[in-house]
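Residue numbers (our numbering): 375 to 520. Even for Gly, the Cβ is constructed at its ideal location relative to N, Cα and C. Here the structure is laid out as structure tokens; the discussion comes afterwards.
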Amino acid sequence: MAETVSIQDASRILNVSKRVIRQYIQQGKLNGFKQENSNGRSSWVVEIPEGSWLDEYREHIYSVGQNTTPWWRPSPDGKGTVHYVESLGIEEVSPLFICGMFSKDIWPAINHDPQDRCDECITAANDKGLPLNSISPDSYSPNRLG
Numbered sequence: 375m376a377e378t379v380s381i382q383d384a385s386r387i388l389n390v391s392k393r394v395i396r397q398y399i400q401q402g403k404l405n406g407f408k409q410e411n412s413n414g415r416s417s418w419v420v421e422i423p424e425g426s427w428l429d430e431y432r433e434h435i436y437s438v439g440q441n442t443t444p445w446w447r448p449s450p451d452g453k454g455t456v457h458y459v460e461s462l463g464i465e466e467v468s469p470l471f472i473c474g475m476f477s478k479d480i481w482p483a484i485n486h487d488p489q490d491r492c493d494e495c496i497t498a499a500n501d502k503g504l505p506l507n508s509i510s511p512d513s514y515s516p517n518r519l520g
């Protein structure tokens, strides 16, 4: 049986705004209903979906990631070592590469030579079981997706 919680708790558990929770209830994407509380009043509650659950925004971001290379350049000249992006903010571009290097921005490394890949990034990605040719949903840190 699914766990039933308040809209506020559902917002926290599912990591989306209360507005999104209400919208998904109205659209039938989440099961919500009024329930009597301990004070004898009724309030809206939400059933938390069992298993993994993604909102439409994250589904879209993850589907884009499946078609996007995780390899980026830390400089605009198009030369040198390319690095694997471990974490990237949605609104601001301040990448953390999986080898631990930070950059103020990133530039595409489309069609780069695999020989240009950072050895530390390759090792770290392999150790974490991350794909080398597309962006994994594991690359999106929850605290940066908001």
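Check, Outcome
"Run the CB neighbour count on Asp-501, radius 10 Å, all protein chains shown included, and call it buried at 16 or more, exposed below.", "exposed"
"With contact counted as at least three CB pairs below 8 Å, one residue from each stretch, are the region 453 to 463 and the region 396 to 416 in contact?", "no"
"Is the beta carbon of Ile-422 closer than 8 Å to that of Ile-387?", "yes"
"Who are the Cβ neighbours of Asn-507 in its own chain at under 6 Å, not counting the five residues just before and after it?", "none"
"Below 7 Å CB to CB, which residues in the same chain sit around Gln-382 once its five sequence neighbours on both sides are set aside?", "Lys-392"
"Please name the residue or residues paired with Glu-377 in a DSSP beta bridge.", "Ile-422"
"Just checking Ser-417 against the ligand PLP - is the residue's beta carbon closer than 7 Å to any of the ligand's heavy atoms?", "Absent from the structure shown: the ligand PLP. Ligands present: none."
"Excluding five sequence neighbours on each side, which residues of the same chain lie with their C-beta closer than 7 Å to the C-beta of Ala-499?", "Tyr-458, Ile-472, Leu-506"
"I'd like to confirm the pairing. Which residues does DSSP put opposite Gln-525 in its beta bridges?", "Here the chain has residues from 375 to 520 only, and residue 525 is not among them."
"According to the neighbour-count rule (16 or more other Cβ atoms, all chains shown, within 10 Å of its Cβ), is Asp-451 buried or exposed?", "exposed"
"May I have a chain-ordered list of the beta strand (DSSP E) segments no shorter than 3 residues that lie completely inside the region 433 to 509?", "445 to 447, 457 to 461"
"Classify Ala-384 as buried or exposed, calling it buried when 16 or more other Cβ atoms lie within 10 Å of its own Cβ.", "buried"
"Only counting the same chain, and skipping five residues up and downstream in sequence, which positions put a Cβ closer than 6 Å to that of Ser-477?", "Pro-448, Pro-469"
"Whole angstroms is fine: what's the gap from Lys-403's alpha carbon to Glu-410's?", "22 Å"
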